Structures are given as structure tokens and as C-alpha cells.
């Protein structure tokens, strides 16, 4: 067995021998398929289920932007099909089981209390259109800024190269005159 297999086997053995740690420690790699449908709880009351993950929103840079959760209709003030947007910094994910890809399951814990959860943005067609437009505007301005910065770098580099060529040519001409 090579060194990589030994390290991998050791890491798996440590993970499996410490089930409490495996539930709370970040894994670094998650299955989006298993995350969709995961139960959602309040971090302050880990037994209080408030909904389930309906969707995972990924930004242009392929990083998770947030979750869409469907709140349980038994929550006071919540109706059927009540979807809310949860930003990345407002939740954490814990692995319930993850030793086999086809059996991976997660629990999502919201950092806020129930009153704050009720204030999360409601996800509907208007929200989707506005959010998509805002994200496109941000991407466009970022892309434009990056393009502008790239052009400035290119221009500066080109000027430096041109001046270096001129100086080198002047030095060579001077050297040639001296040798004649």
C-alpha cells in the first residue's frame, strides 16, 4: 500500500471511530443532491425542525450563494409553499451519515431564531427576477473592472517594454560608435 492509501485509510479510520466529531466537523466536500431535501433546524434549538432545503443557489464563480428553504406550514405566520432565501453565513451544515455516497445525509442549522427566520427574503418569481438582475449587474461591473484593469496592465507593460527596447537600442548604438 502506498503512502497516499495509508493516509486515506488512516483518515477514514479516525473519522469512523469518532462519530460525534463526524457529525459536526466540516468535511470540505458535500453532495448537493443530498443537501437538497435536508431537514432545516434552528441552531439555538437543534430539535426544532423548521423546514427543508428546496434548492441550492450557486453564483457565477461556482460558489454556493445560499439556500432556498421551504418553511414548515405549522410555523405560526407561515403558509403553504413559503420559500425563503438563506445566505451562506446564516447557516451551517452537519453530516448525519456520509460513509457511502448513496447514503449521504445532512442537517442544516440556521444561525437565527424563528422570528428572524420569518424575516428572511421570501422567494417568488419577483425575487428571482430581481436577484438574477442584480447578480448579472454585479458580474458585469466586475467583469468590466477586471477587463479595464487588464487593459491598464497591458498598456503599462507595453510602455515599459518599449522604453526598455529604446534604451537598449541607444546603448547598443553608443557602444557601436565607441568600437568604431
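Residue numbers (the numbering used here): 56 to 235. Glycine included, each C-beta is placed from N, C-alpha and C at the ideal position. Computed from a predicted structure; not experimentally measured.
- Residue 105 is positioned such that its CB atom lies no closer than 7 Å to that of residue 136.
- Residue 139: not part of any alpha helix (DSSP H); member of the beta strand (DSSP E) spanning 138-142, first to last residue.
- Straight-line measurement puts the Cα of residue 208 at about 40 Å from the Cα of residue 235.
- Contact between residue 89 and residue 161 holds: their C-beta atoms lie close to 6 Å from each other, under 8 Å.
- For residue 162, the secondary structure class from DSSP, reduced to helix, strand or coil, is strand.
- In the displayed model, residue 190 falls within a helix according to three-state DSSP.
- For residue 172, the enclosing alpha helix (DSSP H) begins and ends at 169-173.
- When the five nearest sequence neighbours on each side are left out, the beta carbons in the same chain lying within less than 8 Å of the beta carbon of residue 169 are those of 97, 103, 105, 130, in order along the chain.
- Sixteen is the threshold: since fewer than 16 other Cβ atoms of the shown chains lie within 10 Å of the Cβ of residue 227, the residue is exposed.
- The alpha-carbon of residue 195 is positioned some 39 Å away from that of residue 151.
- In the DSSP assignment, the residues bridged to residue 124 are 108, 139.
- Annotated three-state conformation of residue 99 is coil, per DSSP.
- For residue 216, the number of other beta carbons within 10 angstroms of its own is below 16, and it is reported as exposed.
- The continuous alpha helix (DSSP H) containing residue 89 extends over residues 87-90.
- The C-alpha of residue 193 lies about 16 Å from the C-alpha of residue 121.
- Nearest neighbour of residue 114 by Cα position, chosen from 84, 221, 190, turns out to be 190.
- A distance below 7 Å separates the beta carbons of residue 178 and residue 140.
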